[in-house]
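**Student:**
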Amino acid sequence: MKKKIAVIFGGRSAEHDVSIITAYNPIISSLVATGRYDLYPIYIAKNDSWYSNNKMTGIEFFQKDDYETHLGKKLMISFDEGLKIIWPGVKRRTVKIDLVFPAMHGTFGEDGSLMGLLRMANVPFVGCDLFASAVAMDKVLTKQILAIEGIKTVPYIWFMKEDWDKKRDYGMEKASQLKWPLFVKPVHLGSSIAISKVKDVSELERAIDVAFHYDDKVLVEESIENLIEVTLPIMGNENPKTANIERALNKTEFFDFTDKYLSGGKGKKEKSGNQTEIPAKIDEVLSQKVKDIGVKTYQILGCSGIARVDFLIDGLSGEVFVNEVNTLPGSLYHHNWKKAGLSPIDLVTGLMDLAEERFNSKKDITYNFKSEILKSALGPKGNKIS
Amino acid sequence: MIKKFLTRYNFNYPRSLVYMLQSCEYGVKNYLAWYHRTDDFSQVEQRKELDLTVRAKITLIATLFVYFSLIILSFLLIFNLSAPYKIVTLVCAIILIPHITAYFVAFFSMIIELSIKKPIEFFIAKKTEKILKKSNAIKIAIAGSYGKTTMREILRTVLSEGRKVSAPSHNHNTLIGIARFVEKLNGEDALIFELGEYYPGDVKKLCKIIKPDIGIITGVNEAHLERSGSLKTTTSMIFELAGFTKGANLYLNGEDDLVVGNISQDNIIYSRFGIGEYKVNTPSTDLSGLSFSTLIKEREVILKSELLGLHLIGPIMTALDIGLRLGLSIDEIKRGISATKPFPHRLNPKIDGSGVVIIDDTYNGNPDGVAAAIDFLSSLSGSRRFYITPGLVEMGERTEKVHREIGKRLAVANIEKIVLIKNSVTPFIEKGFKEENGRGEIIWFDDVFMLFASLPLLTAKGDVVLLQNDWSDQYQ
């Protein structure tokens, strides 16, 4: 019998649309091409309702302006003996899912929320687990953990929205002590949304306000002069392997959302506009250093399945700084893996194997503990409950 | 099933019939065979479109006229008949109109063939013969079930280094194609003709017009077996050339068993091992081409070509021998051979943006060509190799045997990924592959469109993908 695979995408996130692209290219298209699985695309709408229907076989469904009116009945989910999806109604249908392939970027998907849900459901799922996802989603927390383990990140400060509203001048003064120009970033957002590079105080204040529009925690960090910006996709559980180091050949000063997605995607750009270089033409020693730091970062954060580590390199000193970790790289960075000798189908099915490997390795862990504590617990008035 | 049946009543139905007649090169037998095995007429004109030549236009207009006249006539009858006859007429009309139209297309084609095409061809043949008689060029004729175009292109490239050479382009190997070609002759030293063999007498007819000085027989196999009926008939059809170029003026492929069985003492035999006194030494091939050396007039000559596969050494040696006969210098021949490159759709390698090597061999649809392609793929070590095919067509009663042999060859070659299109012949490839305990993975696709959409998902940098043969619409 074919395995039943659910691909979950969409969601209440600024990266909702990017998530749909990742779901179809390469995940769903690869699974369809193998012909080996029963596939259930599950779309989470921006209002959090879940849908799945057989019209969602191609991305074309979501490219129509009125797709939201064709989503059909809302889906129900059950955690009774695994993850089950239910189409309610007279012709009620229930399907038990064997494995989930999360394809949600940003909040409620990539931040560990969905992973928590899937852990509760006791179903194998692809990609990083709850803890790594939650830490990597918080750029500040990532920097703090990496610093403890001796991995360099660029100097930074951070604010919560509450603090910024109350002590704006203090925040501005603190930020001004960093080496300009600065980058302002919402802490929990990916895809370069609401990131600004600022050169003076007025730009900084405006950029922080913009970032707080999308997040309640904002990071201000120094920029690197003579910057070489590279990224490294990594895959695996216990023994991670690396793809090619990919270099951003920026047209603008940094890759914003439009650069990343609206100009044809990174892979295509590399072909037409030559905006990324795979593999990056950097010297061998530096290349090995990036790979070593990348794998170490992956392991420190407890990543599994797949992730991508972004780096900032000072071109003059050769210093390597980890910029951030992305636990669900857009479209799984399949263009890069393909150039590293791994086809999109092998990438997708390989990730599914890793998900099962992790799931099985945790099967023997005992989560229950038999105790007498309940019997000896006292009632609200200090009386023993009999 | 009902949905498919109703496709006969589509407005596009008459056009589909004419398109398929044209795809069958106006061969009524093949057209009717297609008609009888087809149940869905909505999926006919998929890969190409009807080429609106004069003949196609006339046939289409006549077919549309018959189709709609029959419909109008049926309505008139229904309105003018009494109740029980109305229903009978209606049922008969519904059932018969598509069939009558389909048979009309075949009948109309035969009428055009006999009343217009044949008389025109007679006059064209006389005119072509006259032009060629006046030409002083050496005339080289190539016959065979396979390898004709490759031989023509190698000869043209090599001989062009020292002589003015011309040949009809593409697959213009029929009387009309040759007639159009000779009209443009302009003082050539050598002319190269491919002789198309569809039915007995075809090669003989063309030879009478061309009067070749040199003949080359590239091989005999099951290609077009459904037209000839048997390999014996195919062999005698191709060897009609031997009646015009005897002895040392006839070059024969020594690697083909059916050709070898018809060799006479004075013929020149070519193969990957050499030709006549010229022996091939240290042959090698990879994705960059092939190379070997040979001793000519006591001089060791290293020859290199961008063509892929050791099986092409034989044709290259034939070009070398004919070049020397025509007085080309060794250096001219060497230069000519180094200028030979893979031809479009014949073991033609390309590398895509991701570093995947695609070898396009989609015009190669005969068992010997397939064997050579698999052998070449097999020789490429260190890569993950994909072999993709919908199988071969027109293999007649040898269909199962030919495809099982392909499967066995793939198994022995240790090809890692065998990608097959679901149809009537590919299960035999799987059968042969399993009989030989092939270790590679067999991947199935419902149709070629799904396959090409999925190919970028299947492959990665370093993979080598061989696309073998392509089926036209009539075989889908």
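Protein chains in written order, with the numbering used here: chain A, 679 to 1064; chain B, 56 to 531.
C-beta: ideal position from N, C-alpha, C; glycine also.
(1) Nearest to Phe837 (chain A) by alpha carbon, out of A:Asn1001, A:Gly849, A:Lys974, A:Leu927?
(2) Listing by chain order, which chain A residues have their CB less than 8 Å from the CB of Lys516 (chain B)?
(3) Less than 7 Å between C-beta atoms, sequence neighbours within five positions excluded: which residues of the same chain meet that for Val876 (chain A)?
(4) Within the 9 Å Cβ cut-off, does Gly943 (chain A) reach chain B?
(5) Just to confirm before moving on: does the CB-CB distance between Leu1006 (chain A) and Leu905 (chain A) stay below 9 Å?
(6) Does Ile984 (chain A) come within less than 9 Å of chain B when only Cβ atoms are used?
(7) Helix, strand or coil for Phe66 (chain B)? Go by DSSP, reduced to three states.
(8) Just tell me which of B:Leu210, B:Thr183, B:Asn241, B:Met56 has its CA closest to the CA of Gly378 (chain B).
(9) Assuming contact is defined by CB atoms lying nearer than 9 Å, are Gly1102 (chain A) and Leu1029 (chain A) in contact in what I supplied?
(10) Please look up how many angstroms separate the CB atoms of Val220 (chain B) and Ile247 (chain B), rounded, as I've assumed it's under 8 Å.
(11) Counting Cβ pairs closer than 8 Å, one from the segment 1010 to 1022 of chain A and one from the segment 514 to 522 of chain B, do we hit at least three?
(12) Can you determine whether any heavy atom of the ligand NAP sits closer than 8 Å to the C-beta of Tyr254 (chain B), and answer yes or no?
(13) With DSSP collapsed to three states, give me the class of Thr229 (chain B).
(14) Provide the residue span of the beta strand (DSSP E) that contains Leu246 (chain B), from first to last.
(15) Across the segment 319 to 332 of chain B and the segment 293 to 311 of chain B, are there enough close Cβ pairs to call them in contact, namely three or more that are closer than 8 Å?
(16) Residues in the same chain with beta-carbon distance under 7 Å from Arg63 (chain B), minus the five sequence neighbours each way, listed in chain order, please.
(17) Closest by CA to Pro404 (chain B), which one among B:Ile265, B:Asp341, B:Phe60, B:Phe163?
(18) Would you please verify whether the beta carbon of Ser409 (chain B) is less than 9 Å from any beta carbon of chain A?
(19) With 9 Å set as the bound, which would you pick, yes or no: does the beta-carbon of Ala958 (chain A) sit closer than that to a beta-carbon of chain B?
(20) So which of B:Leu72, B:Asp525, B:Ala148 has the shortest CA-CA distance to Gln98 (chain B)?
(21) Would Met505 (chain B) pass as a contact of Ala711 (chain A) if the rule is Cβ separation under 9 Å?
(22) Secondary structure at Tyr140 (chain B), three-state DSSP: helix, strand or coil?
(23) In whole angstroms, what separates the C-alpha of Lys752 (chain A) from that of Ala1033 (chain A)?
(24) Please report how far the alpha carbon of Val519 (chain B) lies from the alpha carbon of Gln77 (chain B), in whole angstroms.
(25) Which residues does DSSP list as the beta-bridge partners of Phe989 (chain A)?
(26) Three-state secondary structure (DSSP) at Phe740 (chain A)?
(27) Hey, could you find the ends of the beta strand (DSSP E) Val520 (chain B) is sitting in?
(28) With which residues is Asn336 (chain B) paired in a DSSP beta bridge?
(29) Can you name the residues of chain A whose CB is closer than 7 Å to the CB of Leu342 (chain B)?
(30) Any beta carbon from chain B within less than 9 Å of Asp776 (chain A)'s own beta carbon?
(31) Are the Cβ atoms of Ala196 (chain B) and Leu240 (chain B) separated by less than 9 Å?
(32) Using the beta-carbon count (16 or more within 10 Å), is Asp988 (chain A) buried or exposed?
(33) When you compare the CB positions of Leu313 (chain B) and Asn336 (chain B), do they come within less than 9 Å of one another, or not?
(34) Return helix, strand or coil for Arg401 (chain B), following the three-state DSSP convention.
(35) Based on DSSP bridge pairs, tell me the residues matched to Thr444 (chain B).
(36) When the Cα of Gln523 (chain B) is compared with those of B:Asn304, B:Ile476, B:Lys489, B:Glu490, which residue comes out closest?
**Tutor:** Taking the structure as given:
(1) Translated into positions along the first sequence, residue 837 (chain A) becomes position 159. The shortest C-alpha separation from Phe837 (chain A) is found at A:Gly849.
(2) As a first step, residue 516 (chain B) is located in the second sequence; it is residue number 461 there, counting from the start. By Cβ distance, chain A contributes Lys1016, Lys1017, Ala1018, Gly1019.
(3) As a first step, residue 876 (chain A) is located in the first sequence; it is residue number 198 there, counting from the start. Within the same chain, Val876 (chain A) has close Cβ partners Pro859, Leu860, Val862, Leu882, Ala885.
(4) As a position in the first sequence, residue 943 (chain A) is number 265, starting the count at 1. Low local confidence applies: a pLDDT of 44 at Gly943 (chain A) is under 50, so the model's placement there is unreliable, with the coordinate-based value given in what follows. With 9 Å as the cut-off, Gly943 (chain A) does not count as an interface residue toward chain B.
(5) Along the first sequence, one-based indexing puts residue 1006 (chain A) at 328. Along the first sequence, one-based indexing puts residue 905 (chain A) at 227. No, they are not a contact pair.
(6) Position 306 of the first sequence, counting from 1, holds the residue named residue 984 (chain A). Taking 9 Å as the CB threshold, Ile984 (chain A) stays off the interface with chain B.
(7) Locating residue 66 (chain B) in the second sequence gives position 11, where the first residue counts as 1. In this structure, Phe66 (chain B) counts as coil in the three-state DSSP scheme.
(8) Counting from one through the second sequence, the residue named residue 378 (chain B) turns up at place 323. For Gly378 (chain B), the nearest C-alpha among the options comes from B:Leu210.
(9) Residue 1102 (chain A) is absent from the model: chain A starts at 679 and stops at 1064.
(10) By 1-based counting over the second sequence, the position of residue 220 (chain B) is 165. By 1-based counting over the second sequence, the position of residue 247 (chain B) is 192. 7 Å between Cβ atoms; contact.
(11) yes
(12) Ligands in the displayed structure: none, and consequently the ligand NAP is not present.
(13) To locate residue 229 (chain B), count along the second sequence from 1; it is residue 174. DSSP places Thr229 (chain B) in coil when its eight states are reduced to three.
(14) Taking the first residue of the second sequence as 1, we reach residue 246 (chain B) at position 191. Leu246 (chain B) -> beta strand (DSSP E) spans 245 to 249.
(15) yes
(16) Along the second sequence, one-based indexing puts residue 63 (chain B) at 8. Spatial neighbours of Arg63 (chain B) in its own chain (CB-CB distance under 7 Å, excluding positions within 5 residues in sequence) are listed in chain order as Phe96, Pro153.
(17) Locating residue 404 (chain B) in the second sequence gives position 349, where the first residue counts as 1. Residue B:Asp341 is the option with its Cα nearest to Pro404 (chain B).
(18) As a first step, residue 409 (chain B) is located in the second sequence; it is residue number 354 there, counting from the start. Cβ-Cβ to chain A under 9 Å: yes for Ser409 (chain B).
(19) Walking along the first sequence from the start, residue 958 (chain A) turns up at place 280. No, because no Cβ of chain B sits closer than 9 Å to the Cβ of Ala958 (chain A).
(20) Taking the first residue of the second sequence as position 1, residue 98 (chain B) is located at position 43. The shortest C-alpha separation from Gln98 (chain B) is found at B:Leu72.
(21) Position 450 of the second sequence holds residue 505 (chain B). Position 33 of the first sequence holds residue 711 (chain A). Yes, the pair counts as a contact, with Cβ atoms nearer than the cut-off.
(22) In the second sequence, counting from the first residue as 1, residue 140 (chain B) sits at position 85. Reduced to three states, the DSSP call for Tyr140 (chain B) is helix.
(23) The sequence position of residue 752 (chain A) within the first sequence is 74, counting from 1. The sequence position of residue 1033 (chain A) within the first sequence is 355, counting from 1. Their backbone Cα atoms lie some 27 Å apart in a straight line.
(24) The residue labelled residue 519 (chain B) in the question sits at position 464 within the second sequence. The residue labelled residue 77 (chain B) in the question sits at position 22 within the second sequence. Val519 (chain B) and Gln77 (chain B): Cα-Cα distance of roughly 35 Å.
(25) Indexing the first sequence from 1 puts residue 989 (chain A) at position 311. According to DSSP, Phe989 (chain A) bridges with A:Val908, A:Val1000.
(26) As a position in the first sequence, residue 740 (chain A) is number 62, starting the count at 1. DSSP places Phe740 (chain A) in helix when its eight states are reduced to three.
(27) Within the second sequence, the letter at position 465 stands for residue 520 (chain B). Unbroken beta strand (DSSP E) run through Val520 (chain B): 519 to 523.
(28) Within the second sequence, numbered from 1, the residue matching residue 336 (chain B) stands at position 281. Note: Asn336 (chain B) sits in a beta bridge opposite B:Ser348.
(29) For the purposes of this step, residue 342 (chain B) is identified with residue 287 of the second sequence, where counting begins at 1. By Cβ distance, chain A contributes nothing, its closest Cβ being about 17 Å from Leu342 (chain B), past 7 Å.
(30) By one-based count along the first sequence, residue 776 (chain A) stands at place 98. False, the Cβ-Cβ gap to chain B never drops below 9 Å.
(31) Locating residue 196 (chain B) in the second sequence gives position 141, where the first residue counts as 1. Locating residue 240 (chain B) in the second sequence gives position 185, where the first residue counts as 1. Taking 9 Å as the Cβ cut-off, Ala196 (chain B) and Leu240 (chain B) do not qualify as a contacting pair.
(32) Your numbering for residue 988 (chain A) matches position 310 in the first sequence. By the 10 Å Cβ count, Asp988 (chain A) comes out buried.
(33) For the purposes of this step, residue 313 (chain B) is identified with residue 258 of the second sequence, where counting begins at 1. For the purposes of this step, residue 336 (chain B) is identified with residue 281 of the second sequence, where counting begins at 1. No, they are not a contact pair.
(34) Locating residue 401 (chain B) in the second sequence gives position 346, where the first residue counts as 1. Arg401 (chain B) carries a strand assignment under DSSP once its states are collapsed to helix, strand and coil.
(35) In the second sequence, counting from the first residue as 1, residue 444 (chain B) sits at position 389. Thr444 (chain B) is bridged to B:Leu475.
(36) Taking the first residue of the second sequence as position 1, residue 523 (chain B) is located at position 468. Here the closest residue by C-alpha is B:Ile476.
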